[in-house]
């Protein structure tokens, strides 16, 4: 982010529930991981963050300056990735993760049908 905008990168909240589909009764904090629950293909998400809570999916609110900064960032990442200067994941860590916990595709389902409130 710093390379493409001159601003420090910001972080955003995530919860373990965010890697599960909507509609399962769990509270979700961030929707950035939702594309990953619908495919077995690799997914790379880029969050467009705001200073305040803006439910974009409810309001359709978009800020073109933020979108432009995001596009610039994605272009810089694509250049670094194709130039072998960055990776989207650590192969050894991914292998360890899947050896410890399996492929975790069960998290892409609605669960076992038991919804606890």
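Numbering (my numbering), first residue to last: 8 to 124. Ideal Cβ placement from N, Cα and C applies to all residues, glycine included.
Would you kindly check if the distance between the Cβ of residue j and the Cβ of residue i is under 8 Å?
i	j	result
residue 55	residue 82	no
residue 41	residue 34	no
residue 43	residue 50	yes
So for residue i, helix, strand or coil by DSSP?
i	result
residue 19	coil
residue 108	helix
residue 100	helix
residue 85	helix
residue 115	helix
Under 8 Å Cβ to Cβ from residue i, same chain only, skipping five residues before and after it: list those, please.
i	result
residue 116	28
residue 20	36 and 37
Would you report the Cα separation of residue i and residue j, rounded to the nearest angstrom?
i	j	result
residue 95	residue 31	29 Å
residue 100	residue 59	34 Å
residue 85	residue 119	39 Å
residue 88	residue 79	14 Å
residue 10	residue 37	25 Å
residue 13	residue 71	17 Å
residue 98	residue 69	35 Å
residue 77	residue 108	33 Å
residue 111	residue 22	16 Å
residue 17	residue 92	21 Å
residue 105	residue 48	16 Å
residue 15	residue 90	23 Å
CB-CB under 7 Å to residue i, same chain, minus the five flanking residues each way: which ones, in chain order?
i	result
residue 102	none
residue 39	52 and 54
Who are the Cβ neighbours of residue i in its own chain at under 6 Å, not counting the five residues just before and after it?
i	result
residue 114	26 and 27
With a threshold of 7 Å (Cβ to nearest heavy atom), would residue i be considered close to the ligand NAP?
i	result
residue 101	Here there are no bound small molecules, and the ligand NAP is not part of this structure.
Sequence ranges, alpha helix (DSSP H) only - wholly within the region 25-82, length at least 4:
63-66
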